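K.L.:
The sequence shown begins at 78 in this note's numbering and counts up by one.
Got a structure here, written out as structure tokens. Questions coming.
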Amino acid sequence: MKLTIIGCTGSFPGPGSPASCYLVTAFDGERDWKILLDLGSGALGVLQRYADIKDLDGIFISHLHPDHCMDLCGMHVAIRWDPNGWNRDRMLVHGPAATADRMATAYGLPLEEGMHPDFDFQHWKPRTPVKIGPFSITPYPVLHPIEESYALRVEATEPAQDGTWQTSVLTYSGDTDACDELNEAAMGADMFLCEAAFEEGRDDGITGVHLTGRRAGEAATAAKVERLLLTHIPVWTDINTVVNEAKETYDGGIAVAVSGVTYGVFSGSQLGTPKSLPTAPVSIIRSAPSREWRGTRNRTKRK
């Protein structure tokens, strides 16, 4: 399984990144499957550097704040008004129960039809896995000031070169403060993509909204994850501060998400290069032990 950071700036797009959006790819033995975790403001443009939107197999929305879902409006336009035709099934969208109505309202459409002709809207059921291709995506309700907010546990089972099948695990925190459900979602994950929007000493008196670097590290330790990838850091939050906080409470590998960087979820290795120059250095803050993935390198293009 591969993770490409499309957007990672917290709360609104920053100068070097759109808001939250993550492209996840896995191989089922026949072809690569591609899904998105969130599609926040500004993400649709950068996404097209890394994938043809017609090759996406589904979009999975953690919650309905604009920095995590608003570019569904742009996706609606891309599907509805392509002069060459969409020429495929409706785009699968899993999200909170209000997703379809929220998007219709945002675009000024009547609720009855809304974007249903373009999107196959499905609702999350807490702790109930959604199966698609090699993926299993399980939502866990977490602590954030909106009616429904979920951490997403993504498991991908792929063929190895020796003929066996292996499963790697990516947990995406969505937006949340510390809670038992977040730890449950992240338990034993190969990579924990975790928000760290707040700073200790500045924001730690605010509860039920976001994690600090310290709280993210505590969750990573409690869940015994292999490595921690900090994300959703707003422009006014210092990256070095949240990294240093996380290092105090978690002793595994730590990196900071940067738009355009691709990771092997199991190995933690950076793959390829960004298709534009990031404004922040692409670097591992503290390396985790290297791990070798035995999966095949052969890939079949989507037909």
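Don't be surprised by glycine CBs; every beta carbon is placed ideally from N, CA and C.
As the structure is a computational prediction, the values presented were derived from the model and not from experiment.
Pull up the DSSP beta-bridge partners for Ser245, would you.
P.N.:
Within the sequence shown, residue 245 is the residue found at index 168, counting from 1. The partner list for Ser245 (beta bridge, DSSP) reads Ala233.
K.L.:
What distance in whole Å lies between the Cβ atoms of Leu307 and Ile283, which are believed to be in contact at a cut-off of 8 Å?
P.N.:
Position 206 of the sequence shown, counted from the start, is the residue given in the question as residue 283. Position 230 of the sequence shown, counted from the start, is the residue given in the question as residue 307. Not quite, the Cβ-Cβ distance comes to about 18 Å (not below 8 Å), so this is no contact.
K.L.:
Rounded to the nearest angstrom, what separates Pro358 and Gln347 at their Cα positions?
P.N.:
Here residue 358 refers to the residue found at position 281 of the sequence shown. Here residue 347 refers to the residue found at position 270 of the sequence shown. With a pLDDT of 49 at Pro358, under the threshold of 50, the modelled position of this residue cannot be trusted, and the question is left open.
K.L.:
To which residues of the same chain is Ala155 closer than 8 Å at the C-beta, ignoring the five residues directly before and after it?
P.N.:
As a working mapping, residue 155 is identified with position 78 in the sequence shown. Answer for Ala155: Leu121, Ile130, listed in chain order.
K.L.:
Quick check: the segment 233-243 against the segment 268-275, are at least 3 beta-carbon pairs closer than 8 Å?
P.N.:
The segment 268-275 is not in contact with the segment 233-243.
K.L.:
Using 7 Å as the threshold, is the C-beta distance between Trp201 and Tyr227 below it?
P.N.:
Taking the sequence shown and counting its residues from 1, one reaches residue 201 at position 124. Taking the sequence shown and counting its residues from 1, one reaches residue 227 at position 150. Cβ distance < 7 Å, so Trp201 and Tyr227 count as in contact.
K.L.:
Where does Pro358 sit, in a helix, a strand or coil, going by DSSP?
P.N.:
Position 281 of the sequence shown, counted from the first residue, corresponds to residue 358. At Pro358 the pLDDT is 49, less than 50, meaning the model places this residue with poor confidence and gives no usable figure here.
K.L.:
Please name the residue, chosen from Asn164, Glu107, Trp158, Ala174, that lies closest to Phe137 on a Cα-to-Cα basis.
P.N.:
As a working note, residue 137 is residue 60 in the sequence shown. Of Asn164, Glu107, Trp158, Ala174, the residue nearest in Cα terms is Ala174.
K.L.:
What does the alpha-carbon distance come out to for the pair Ala128 and Arg167?
P.N.:
For the purposes of this step, residue 128 is taken as the residue at position 51 of the sequence shown. For the purposes of this step, residue 167 is taken as the residue at position 90 of the sequence shown. Going from the Cα of Ala128 to the Cα of Arg167 covers about 17 Å.
K.L.:
By the three-class DSSP mapping on this structure, what secondary structure does Arg157 have?
P.N.:
Position 80 of the sequence shown, counted from the start, is the residue given in the question as residue 157. In this structure, Arg157 counts as helix in the three-state DSSP scheme.
K.L.:
Nearest by alpha-carbon distance to Pro95: which of Arg230, His309, Arg179 is it?
P.N.:
Residue 95 sits at position 18 when you count from the first residue of the sequence shown. Of the candidates Arg230, His309, Arg179, the one whose C-alpha sits nearest the C-alpha of Pro95 is His309.
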